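Asker: Before I ask anything, here is the structure I am working with.
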Amino acid sequence: MSDAITHEAHHHGPPTGAKRWLYSTNHKDIGTMYLIFALVMLFLGGAMAMVIRAELWMPGLQLVEPDFFNNLVTNHALIMVFAVVMPAGVGLANWMIPLMIGAPDMAMPRMNNMSFWLLPPAAILLVLSMIVPFFGGGQTVNTGWTLYPPLSVQSGMGMDFLIFTIHVLGVSSIMGSINIITTIVNMRAPGMTWMKMPIFVWSWFFTALLLIVIMPVFAGGVTMLLFDRHFGTSFFDAAGGGDPVLFQHIFWFFGHPEVYVLLLPSIGVLGMIIPTFARKPLFGYKSLVYGMAVLYGLGLIVWAHHQYTIGMSIETTTYFMIGTILISIPVGLMIFNFIFTLWKGSITFETPMLFSLAIILMFSFAGTTGVMLAVVPADLQYHDTYFVVAHFHYALIPGSLFGLYAAVFFWLPKWTGHMYNERLGKIFFWWTTIGFNLTFFPQHFSGLAGMPRRIVDYNMIFTEFNVMSSVGAFTFGLSHLLFLYIIIKTVKGGEKAADKPWDGASIGYSGLEWTVPSPPPFHTFEEAPQVK
Amino acid sequence: MHLTRDSKLRLATVGGLIALSNSAYGDYGLNLVEPASEITKSVFDLHMLTAKLAFYISVIITVLVVYILVKYRRSSGAEADMQMHKGKFGVFSWLLVPIIVLGIDLSIAGPGTATLHQVEKHVDAELTVKVTGSQWKWTYDYLDNGVRVVSNLQEHEPTEAGYLRSVDKLFVLPVDTNIRFLHTATDVLHAWWVPAIAIKKDSIPGYIHETSTRITKEGTYYGQCAENCGTGHAYMPIVVKVVSKDEFNDWVALKTVEANAAAAEASADKVWSKEDLMARGEELYVKNCAACHQVNGAGMPPVFPALKGSAIATGPVADHLDIVIKGKAGTAMAAWGGQLNDLEVAAIVTYERNAWGNDAGDLVQPADVKSAR
């Protein structure tokens, strides 16, 4: 018996060739695949954004027809949410959670394989949904990512492809979430108590719990849509006794917590990076954990603030307004804790830290416009304008995407065993941050001036803001070529990274990821480590 | 790009502005559209309150973070205080945030709730208008006097000031009058939004939503559909002309006379000549049908089928009338029976059956339409 184990351990390196990836049950390989998938889709979703901004460059129709424009708007959002930020977050979880808590792998490695390999077929379905209208598939999906009926019932076959995309992605997310929760609950090394867990692990614990609650609801909602479209039901058709607003409730019961699904992993990442480069223990660890728990609870019960204009009773509206405004408490607590982690620190400004600091500033700005939007009477003016577009891009690009960039720079040395080029990293940071702000800051003003969302064309009074936005968007988009270059260059080679490449990385911190070599061997923690 | 020197100058300066005043520019500002009614004025004031709070909070956070970064940077020799999170401040400071943030929240929620009650307070309306959104035009029914205005996009070049901001028929309202809007839609979601005079509520098929306003200034106000309604979403402008009560009454009288004349004309007794029907039909077709089926009848397949040479437009006239009057379920084809009178339907159907080389050759008279309904 013990012979067999020794034998196994000696010869169990990574398998080679395509089988290594297709059949992989290794959390590191699956994490890598998730991250590569997200990166590829980032360029696809980004390219769509570039076409959108090129079309909106000036009044008049330049590049695309109105229907295709709104199809781009729809798929840009769905790709960025479901195929970029979520898979990237799961990729980070796969890579880092077992390393942090001292587990040899995820709890259910085969299910892990399946969660990932459902993504490429889903992506293909998603892309097909855009292509079928060109081959007699009927009306394009010009609804925006909210897929509101009755417009989505008018759409052609592309809509069915999207519905199946959501089903497949939902299955993948639910399995991924179950895996992550099980891993966190059962696979912690001896001594890794709940309140010693790295904050990133906590953030994923709540994210996975959220996903399990909301994904089935969304899948149910789009299935009802499918039945309305093809099987003669009238869930959302007033003429048949149904209710178009019901879909909006279902969608946003999913859609609002989804914002926290995108956000929380990046908050977790911030909780790792800021103490590292402030060289000081995380301030308010407990309150961060409880804050995330409160955010989880509140996040599930405030969805209707996305639909103040649907004519709810004044009592209902007031409830959703107060609930939404209260979200500023846990979010404010997070920002406060990060700021006071910096206080009396010894701060350096490496690329991950630059991103984290930018997130604190830009995300709290998004929080303040969020409070503006929460106030119902004012929202009845802002609703469905570019003010909203500006707000949620300020929330989601710094709040989740920049958090992922910070994570990539922070952990790339651990993953690859090479240091990235710090100078290029800083250039990328400034380039992308300036581009981002130039894109989205002016959109606050075009929204206030009265420019609605999802319009392909506009009056010339909106021209200046849109020109600025487009220039910003091309700057922002282009910066990602540098990002790609830095990643490829670091994977290929570079200065050797130490096991713990950041000197402040384990200050007041029990995570185990810095105790393994960089890059980690194919199998880690085959014997459970002891956390003191 | 058709930018004037002035607007280039604007372009250069506006990027760096975080101004909260709307005095900087003439035709549009950096702020919400200037209110022209009591309710939008209240909302505007609320917006200014929250915007100022948002601005100050952002400035405070930015200044604090920049101060910390300068003061505690390692290159200035700062040493980390490793015990801070264990001190009194570290243990109890989590209480601070909820208290401060709750204070800010309540200072917003208070005025917010008050304004909300004002928005939802519907005093006795002196004038009620049903506003119906359909793909892609607005229909205004003055319920008190039976006047109906159907408002379509007026075409302009992108370089003209009226581009996507002009309509063929203005929506006229009186000043200093309690007005109630009833919002609904015939096909998909729409949202009637004129920021200067009223807040928006979605127009939802099967629902009727209510908003109220009392406009305080005469003038012309612009807006457009705010809820994505498909292909023509960007092409559903709203132009409201607000006039004195006297002018409004004159306008209503004129519209009533016009409507009566049209109704008399459309009465089923008269038999129309082909030339007359074709001429009217062309005009009505361009206005009502060409957005989807195109002026040349070629449509935009596969969604909007061609009428040129189509089975419907060259086949039995009963089927053709049926689809125009009742629409076609599951497609974008709307039921036009409620929006067009007998004469108008007759003219359009006659036109479609005889234009672009279609050679059905038959005439459809208002009487035929009446019996087909």
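So the protein sequences, as listed, match chains E and Z. Residue numbers for the first sequence follow the numbering used here, so the first one is 278 and each next one is one higher. Residue numbers for the second sequence follow the numbering used here, so the first one is 14 and each next one is one higher. Ideal Cβ positions, reconstructed from N, Cα and C, are used throughout, including at glycine. None of the values given here were measured: they were computed from a predicted structure.
Chain Z beta carbons: is any one of them nearer than 8 Å to that of N419/E?
Answerer: Stepping through the first sequence from its first residue, residue 419/E is reached at position 142. Chain Z has a Cβ within less than 8 Å of the Cβ of N419/E.
Asker: Decide if Y682/E is buried, meaning its Cβ has at least 16 other Cβ atoms within 10 Å, or exposed.
Answerer: If you number the first sequence from 1, residue 682/E lands on position 405. Answer is buried; the Cβ neighbour count reaches 16.
Asker: Output, in chain order, the set of chain Z residues within a Cβ distance shorter than 9 Å of M598/E.
Answerer: By 1-based counting over the first sequence, the position of residue 598/E is 321. Proximity of chain Z to M598/E at the Cβ level (cut-off 9 Å) is accounted for by A122, G125, T126, L129, in chain order.
Asker: Short of 7 Å in beta carbon distance, which residues of its chain neighbour T459/E, apart from the five on each side in sequence? Order them along the chain.
Answerer: Taking the first residue of the first sequence as 1, we reach residue 459/E at position 182. Once the five neighbours on either side are set aside, the close Cβ partners of T459/E are A384, M385.
Asker: Is it buried or exposed, Y85/Z, if we count other Cβ atoms within 10 angstroms and call 16 or more buried?
Answerer: Position 72 of the second sequence, counted from the start, is the residue given in the question as residue 85/Z. In this structure Y85/Z is buried. Its beta-carbon is surrounded by 16 or more other beta-carbon atoms within 10 angstroms.
Asker: Look at F753/E and T716/E and say whether their C-beta atoms are less than 8 Å apart.
Answerer: What you label residue 753/E is simply residue 476 of the first sequence in a count that begins at 1. What you label residue 716/E is simply residue 439 of the first sequence in a count that begins at 1. Cβ distance < 8 Å, so F753/E and T716/E count as in contact.
Asker: Using a Cβ cut-off of 9 Å, pull out every chain Z residue sitting near T594/E, in sequence order please.
Answerer: Sequence index remark: in the first sequence, residue 594/E carries index 317 (1-based). Residues of chain Z passing the Cβ test: L129, E133.
Asker: Out of curiosity, what's the CA-to-CA distance linking S179/Z and Y663/E?
Answerer: Against the second sequence, residue 179/Z aligns to sequence position 166. Against the first sequence, residue 663/E aligns to sequence position 386. Distance between the alpha carbons of S179/Z and Y663/E is about 21 Å.
Asker: When the Cα atoms are used, what is the spatial distance from P475/E to M436/E?
Answerer: Numbered from 1 along the first sequence, position 198 holds the residue referred to as residue 475/E. Numbered from 1 along the first sequence, position 159 holds the residue referred to as residue 436/E. Taking the straight line joining both Cα atoms gives about 41 Å.
Asker: In chain order, what residues of the same chain lie with their CB nearer than 6 Å to the CB of L355/E, ignoring the 5 residues before and after it?
Answerer: Position 78 of the first sequence, counted from the start, is the residue given in the question as residue 355/E. Closer than 6 Å at Cβ, skipping near neighbours: W422.
Asker: Mind listing which residues of the region 69-86 of chain Z have their C-beta closer than 7 Å to chain E's C-betas, in chain order?
Answerer: I70, S71, I74, T75, L77, V78, I81, L82, Y85, R86
Asker: Are the CB atoms of Y311/E and G379/E within a distance shorter than 8 Å?
Answerer: Working through the first sequence from its first residue, we reach residue 379/E at position 102. Working through the first sequence from its first residue, we reach residue 311/E at position 34. Cβ atoms of G379/E and Y311/E: not closer than 8 Å.
Asker: Starting from R556/E, find everything on chain Z with Cβ-Cβ shorter than 7 Å and list it in chain order.
Answerer: Locating residue 556/E in the first sequence gives position 279, where the first residue counts as 1. Here the neighbours are A93.
Asker: State buried or exposed for N463/E, treating a residue as buried only when at least 16 other CB atoms are found within 10 Å of its CB.
Answerer: The residue given as residue 463/E occupies position 186 in the first sequence. The residue is exposed, with fewer than 16 neighbouring Cβ atoms inside 10 Å.
Asker: Verify whether the separation of the beta carbon atoms of A49/Z and Y235/Z is less than 8 Å.
Answerer: Residue numbering aside, residue 49/Z sits at position 36 when the second sequence is read from its first letter. Residue numbering aside, residue 235/Z sits at position 222 when the second sequence is read from its first letter. In this structure, Y235/Z does not lie closer than 8 Å to A49/Z by Cβ.
Asker: Would you mind listing the beta strand (DSSP E) stretches within the region 660-734 of chain E that are 3+ residues and don't spill past its ends, in chain order?
Answerer: none
Asker: Under 8 Å, Cβ to Cβ, is there at least one residue of chain Z near W791/E?
Answerer: One-based indexing of the first sequence puts residue 791/E at position 514. So no, W791/E is outside the interface.
Asker: For I338/Z, decide whether its Cβ has a neighbour in chain E, counting only Cβ atoms nearer than 8 Å.
Answerer: Position 325 of the second sequence, counting from 1, holds the residue named residue 338/Z. No, I338/Z lies away from the interface with chain E (no Cβ there is under 8 Å from its Cβ).
Asker: Provide the residue(s) that pair with Y235/Z in DSSP beta bridges, ordered along the chain.
Answerer: Counting from 1 along the second sequence, the entry for residue 235/Z is found at position 222. Y235/Z is bridged to V252/Z.
Asker: Spell out a yes or no on whether the region 548-558 of chain E and the region 784-798 of chain E are touching, meaning 3 or more CB-CB pairs, one atom from each, closer than 8 Å.
Answerer: yes
Asker: Let me know if P329/Z comes out buried or exposed under the rule of 16 or more other beta-carbons within 10 Å of its beta-carbon.
Answerer: For this step, residue 329/Z is matched to residue 316 along the second sequence. By the neighbour-count rule (16 or more Cβ atoms within 10 Å), P329/Z is not buried but exposed.
Asker: For H196/Z, which beta-bridge partners are listed by DSSP?
Answerer: Counted from its first residue, the second sequence places residue 196/Z at position 183. Bridge partners of H196/Z: V144/Z, H222/Z.
Asker: Which ranges does the alpha helix (DSSP H) cover as unbroken runs of at least 4 residues, wholly within the region 295-326 of chain E, from first to last along the chain?
Answerer: Counting whole runs of 4 or more residues, the region 295-326 of chain E contains the alpha helix (DSSP H) stretches 295-299.
Asker: Can you find at least 3 beta carbon pairs, one from the region 615-624 of chain E and one from the region 128-144 of chain Z, that sit closer than 8 Å?
Answerer: In short, these stretches do not touch, since the Cβ pair count stays below three.
Asker: Three or more C-beta pairs under 8 Å: does that hold for the region 765-784 of chain E against the region 653-670 of chain E?
Answerer: Contact fails between the region 765-784 of chain E and the region 653-670 of chain E, because fewer than three Cβ pairs, one in each stretch, are under 8 Å apart.
Asker: Please list the residues of the region 180-208 of chain Z that have a C-beta atom closer than 8 Å to any C-beta atom in chain E, keeping them in chain order.
Answerer: Shown in chain order are the members of the region 180-208 of chain Z whose Cβ falls below 8 Å from a Cβ of chain E: D200, V201, L202, A204, W206, P208.
Asker: Alpha carbons only, please: which of L657/E, G532/E, F718/E is nearest the one belonging to L59/Z?
Answerer: Sequence index remark: in the second sequence, residue 59/Z carries index 46 (1-based). Closest option to L59/Z, Cα to Cα, is L657/E.
Asker: If W206/Z sits next to Q237/Z, beta carbons under 8 Å apart, how far is it from one beta carbon to the other, in whole angstroms?
Answerer: Position 193 of the second sequence, counted from the first residue, corresponds to residue 206/Z. Position 224 of the second sequence, counted from the first residue, corresponds to residue 237/Z. So it is a contact: roughly 7 Å between Cβ atoms.
Asker: Quick check on N35/Z: does DSSP put it in helix, strand or coil?
Answerer: Counting from 1 along the second sequence, the entry for residue 35/Z is found at position 22. Note on N35/Z: pLDDT 38, under 50, position unreliable in the model; the coordinate value appears next. Three-state result, N35/Z: coil.
Asker: Alpha carbons only, please: which of G498/E, T484/E, L673/E, L446/E is nearest the one belonging to F359/E?
Answerer: Here residue 359/E corresponds to residue number 82 of the first sequence, with the count starting at 1. Taking only the C-alpha atoms, the option nearest F359/E is L446/E.
Asker: Interface residues of chain Z around S641/E at Cβ under 8 Å?
Answerer: Position 364 of the first sequence, counted from the start, is the residue given in the question as residue 641/E. Ordered by position in chain Z, the residues that pass the 8 Å Cβ test against S641/E are I70, S71, I74.
Asker: For a cutoff of 8 Å on Cβ pairs, would you count P171/Z as touching chain E?
Answerer: By 1-based counting over the second sequence, the position of residue 171/Z is 158. Taking Cβ atoms only, chain E reaches closer than 8 Å to P171/Z, which makes this a yes.
Asker: Given a limit of 7 Å on CB to CB distance, which residues of the region 334-346 of chain E reach chain Z?
Answerer: M335, P336, G337, P343, D344
Asker: Spatial neighbours of G159/Z within its chain, please: C-beta separation below 8 Å, excluding the five flanking residues on both sides.
Answerer: Along the second sequence, read from residue 1 onward, the residue named residue 159/Z stands at position 146. So the qualifying residues of the chain are T269, A272.
Asker: For W688/E, tell me which candidate among G724/E, T351/E, A774/E, M611/E has the shortest Cα-Cα distance.
Answerer: Indexing the first sequence from 1 puts residue 688/E at position 411. When each option's Cα is compared against that of W688/E, the closest is A774/E.
Asker: Under 7 Å between beta-carbons, which chain Z residues line up against N736/E? List them in chain order, please.
Answerer: Working through the first sequence from its first residue, we reach residue 736/E at position 459. Those are Y176, L177, R178, listed as they occur along chain Z.
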